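Residue numbers (the numbering used here), protein chains in the order written: chain A, 11 to 656; chain B, 79 to 399. Cβ atoms here follow ideal geometry from the backbone N, Cα and C, with glycine treated the same way. The structure presented is a predicted model; accordingly, all values stated were derived computationally and were not measured. Below is one structure, written out as structure tokens, with a few remarks after it.
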């Protein structure tokens with residue numbers, strides 16, 4: 011029997027319509043697919059509910075009969091598919107993935123790839139408008155989208171046009187009315203939804219979004235778009251007509267993919283990390299419940315009153331009763347309906363949450379991580395005190411970003427940025443800039459001499475830190491005037507107090523070629539103020555062995571604290587001549603001025619060992635002994651002229 | 079200790095007063111019915127693995143699910159202390175703000191607790207004071223496990239240095255100082271820090287420890303050739319009946335190769351790696367059957383896996399049709 015293409019299409023359209031109109035009896039069934047997957051399409055094929063899904067590790071497309079719970083066909087693709095779109099009229103699937111620069115066209119009658127559409131880059135999302143013969147693909151890495159015009163013939167001719175985007179495009183959706191394309195963008199600074207003219211790439215509109223809008227759904231009934239923001243962990247409800255209001259709905263768990271209910275009132279949001287589907291009431295603007303499903307749910311599609319979910323971790327598809335229906339049923343009856351659920355699906359109903367109002371809580375700390383005890387924050391003209399434990403709560407903030415003025419005695423005034431999510435108490439700790447005055451009692455490392463302690467900072471690893479660690483126990487009370495001595499960095503990483511500064515101090519050049527202090531001393535002063543240090547002692551060791559003319563490669567490259575030291579470079583070293591030179595610089599953070607001459611103490615270590623050439627570890631042991639002796643020498647000299655008296 | 083009352087209870091009265099003083103009037107409409115607050119989040123270890131943990135806030139406590147997820151509903155607003163506990167991990171206390179009709183997210187990462195453990199393991203670890211010797215020593219330990227000289231069965235366990243970090247932080251010493259290479263001299267002179275080693279054994283749950291060391295020498299006396307020399311040693315660290323540390327050498331091996339040209343550091347490194355594997359294999363041969371030093375840690379009559387018979391993987395490349 012011959013059916014004209016038009017009749018065929020009408021029949022298929024009718025099928026699709028009937029799929030939406032006639033409720034399919036919802037079941038809770040699981041179909042193993044033996045591999046992970048991302049997004050899927052669900053449709054009626056020959057009257058049977060069928061899922062078409064790309065199998066990632068298997069690099070194939072699967073056609074799954076959900077009624078008989080069987081994988082009916084596996085079509086090898088040769089790449090990891092993450093997105094599939096089906097043209098029900100033509101019985102064709104368009105499949106793509108991030109690591110393949112093409113779209114595979116699969117004939118679902120013959121179950122084979124009939125054609126490949128070559129593109130410029132890997133694909134993250136696809137959308138198809140069969141009526142317009144329009145296919146759109148996004149290329150996040152290339153910052154482009156591809157617009158493909160299909161011609162509908164058996165061996166199609168494609169017209170591919172690639173259009174540049176302002177940022178990496180993520181999800182896409184074709185506007186059914188106009189044929190324009192909605193694209194969500196990564197790194198969007200809050201404007202992550204654009205409308206693009208597919209013919210010339212013109213940006214027709216740019217609308218608000220959250221951060222990293224990975225998924226996009228159009229709700230034509232309410233003339234709005236729903237964005238799933240995996241970065242800001244919320245949904246954006248974006249009005250597509252004038253006069254609507256933008257809203258964001260916070261989520262409990264980081265969202266992965268979503269689907270809207272048939273009436274557009276609800277969004278079902280999967281969360282791969284939390285094994286849950288979150289149900290969002292889009293009209294009320296809040297999460298109304300969540301449902302536990304199998305391991306790592308990703309793609310989700312609607313089927314009648316049910317949902318079909320990809321469980322990427324469990325490697326299966328799950329067809330479940332519409333979570334919302336179950337929710338309503340359990341709420342009305344006395345729990346008898348729950349027995350129809352065979353699996354561990356459970357729904358927790360949430361207490362009503364305040365929509366569109368959020369709060370920001372956190373702690374105010376100085377650079378060393380100590381909580382401050384007093385001060386105040388000002389946001390939107392409101393002044394909120396900092397509590398004695400350093401914590402604060404900014405309540406009654408509509409979702410969005412705010413500037414908070416921070417006033418803490420002893421610190422310069424500054425402005426912090428915080429972000430509020432509707433219905434959530436967001437955590438946003440505030441770290442203060444370096445102190446503006448000398449440390450008071452609160453901020454000292456020890457109790458003996460306030461703000462007057464000594465920090466030892468070693469240059470490159472290996473021996474400089476050993477030098478520092480060897481100095482510390484030798485420095486007695488007489489020498490330090492009862493100041494506490496703290497080794498700031500060691501073989502197990504920086505000391506906890508110093509951890510936040512470690513990266514700031516890297517590459518610092520405190521002394522210029524003429525042995526004079528540079529502007530960078532100011533940074534150390536700020537560090538000293540925060541840690542309650544009066545003195546910073548730098549240690550450095552350069553060592554060499556006869557055959558190793560290169561010396562320590564770390565020297566003067568990691569921490570450019572010193573001018574190149576003059577190391578004796580004797581050409582024909584016999585193997586076992588070990589030379590080490592240590593330098594120690596004591597910096598008085600209160601008195602040192604930029605441009606002043608730096609005076610450092612140098613000590614030499616020398617060891618000549620006869621006999622066979624020394625192995626590396628044996629030489630290392632001798633070096634370590636030398637360095638301990640050098641530390642003793644330094645302390646001896648310090649005792650003669652104490653650098654810690656002021 | 080569980081706090082039964084919030085640390086700072088924000089009573090309606092106080093809140094309203096606070097907010098009124100701040101010029102917020104609209105708030106009074108929502109004060110009418112106090113709705114409960116929620117706390118949700120996920121508990122993981124520092125590597126990101128979800129943990130089975132108990133989360134306690136006031137008198138309410140829940141256990142996390144297979145994904146480490148927990149939810150606490152019907153809470154009272156205010157500043158509360160939350161305690162998160164999991165077996166084998168250091169408990170963590172957090173202070174959170176709860177606000178009525180709002181959700182406070184709190185994700186927690188737990189670190190392994192450094193606590194004395196039962197001494198059951200016989201460990202193997204490679205250590206060196208220099209980055210290059212340390213890498214080679216770790217390779218030596220790994221190769222001994224792979225080639226069967228130190229079969230990882232029963233109490234025998236290969237220690238991974240990154241997992242020792244919390245213990246070393248607690249001892250405030252790098253591994254090469256805890257497992258001092260001059261320990262034998264120091265023991266004979268009575269200068270060894272046995273207590274530090276005892277603590278290390280206790281936190282790691284060790285009854286004995288095999289320490290692999292590798293040293294090398296790359297010397298060219300003649301510019302046309304290089305001598306690539308390495309030597310390795312496996313020591314056994316144990317506490318005797320009097321709870322005194324004893325260290326003895328289980329095995330030593332050495333390699334010496336002449337290369338007829340100058341080698342750069344990377345080339346030499348490769349040769350050292352090969353030498354380390356050879357030495358690990360050689361020691362494994364010596365320890366076959368009843369010569370194995372590990373047999374003492376097993377019940378009598380146990381036969382250990384034969385060296386060389388472990389973990390062979392074969393692969394086949396099938397061209398597409």
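Membership of residue 249 of chain A in the beta strand (DSSP E) is indicated by the continuous run 244–249. Neighbourhood of residue 211 of chain B in chain A, by CB distance below 7 Å: 626 and 627, in chain order.
Residue 234 of chain B has its alpha-carbon roughly 20 Å from the corresponding atom of residue 243 of chain B.
The alpha carbon of residue 272 of chain A has as its nearest neighbour, out of A/145, A/422, A/315 and A/92, the alpha carbon of A/315. In the DSSP assignment, residue 313 of chain B falls within the unbroken beta strand (DSSP E) covering 304–317. The count of Cβ pairs closer than 8 Å, one atom from the region 281–288 of chain A and one from the region 301–314 of chain A, reaches three, so the stretches are in contact. Setting aside the 5 residues that flank it on each side, residue 499 of chain A is surrounded in the same chain by 468, each with a C-beta closer than 6 Å to its C-beta; the list follows chain order. Residue 649 of chain A sits exposed, since fewer than 16 C-beta atoms from the chains shown fall within 10 Å of its C-beta. The beta carbons of residue 313 of chain B and residue 322 of chain B sit about 16 Å from each other, so the pair does not count as a contact at 8 Å. Of all alpha-carbon atoms in A/142, A/150, A/126 and A/144, the one lying nearest the alpha-carbon of residue 134 of chain A is that of A/150.
Boundaries for residue 276 of chain B: no beta strand (DSSP E) harbours it, while the alpha helix (DSSP H) harbouring it runs 272–282, taken from the DSSP string. Under the Cβ criterion of 8 Å, residue 623 of chain A is counted among the residues facing chain B. With the criterion set as a beta carbon lying under 7 Å from some beta carbon of chain B, the members of the region 427–441 of chain A are 433, 434 and 435, in sequence order. With a contact defined as Cβ atoms closer than 8 Å, residue 135 of chain B and residue 160 of chain B qualify at about 5 Å. Per DSSP, reduced to three states, the secondary structure at residue 39 of chain A is strand.
Residues of chain A whose Cβ lies closer than 8 Å to the Cβ of residue 304 of chain B do not exist, since the nearest Cβ in that chain is about 11 Å away. Using beta-carbon distances, residue 369 of chain A counts as an interface residue toward chain B, with a partner under 8 Å. Chain-ordered, the chain B residues with CB closer than 7 Å to the CB of residue 501 of chain A read 252. Taking C-beta atoms under 8 Å as the contact rule, residue 611 of chain A and residue 644 of chain A qualify, at a distance of about 6 Å. A Cβ-Cβ contact shorter than 8 Å links residue 349 of chain B with residue 335 of chain B.
Burial is judged here by how many other beta carbons sit within 10 angstroms of a residue's own beta carbon; residue 223 of chain A has at least 16 and is buried. For residue 145 of chain B, the nearest CB of chain A lies under 8 Å from its own CB, placing it at the interface with that chain. A direct Cα-Cα distance of roughly 26 Å separates residue 626 of chain A from residue 247 of chain B. Annotation: Cβ neighbours of residue 631 of chain A in chain B (cutoff 9 Å, chain order): 207, 259 and 260. Listed in chain order, the positions of the region 171–202 of chain B with a beta carbon within less than 9 Å of a beta carbon of chain A are 173, 174, 175, 176, 177, 178, 179, 180, 181, 182, 183 and 184. Contact between the region 473–489 of chain A and the region 404–419 of chain A is not established, with fewer than three Cβ pairs separated by less than 8 Å. Listed along the chain, the chain A residues whose CB falls inside 8 Å of the CB of residue 295 of chain B are 623, 624, 625 and 626. Not one beta carbon of chain A lies nearer than 8 Å to the beta carbon of residue 217 of chain B. With contacts defined as CB atoms closer than 8 Å, residue 311 of chain A and residue 50 of chain A qualify as a contacting pair. In the pairwise beta carbon analysis, the region 513–520 of chain A is classified as not touching the region 490–497 of chain A: fewer than three pairs are separated by under 8 Å.
A straight line joining the alpha-carbon of residue 609 of chain A with that of residue 600 of chain A spans about 16 Å. When the beta-carbon positions are compared, residue 68 of chain A and residue 84 of chain A come within less than 8 Å of each other. The closest CA to that of residue 431 of chain A, considering only A/281, A/404 and A/147, is found on A/404. Excluding five sequence positions before and after residue 272 of chain B, the CB atoms of its chain that fall closer than 6 Å to its own CB belong to 323, given in chain order. Note on geometry: alpha-carbon atoms of residue 226 of chain B and residue 216 of chain B lie some 16 Å from one another. Every beta strand (DSSP E) stretch that sits fully inside the region 388–468 of chain A and reaches 3 residues is listed by chain position as 392–395, 401–407, 410–417, 424–430, 435–437 and 463–468.
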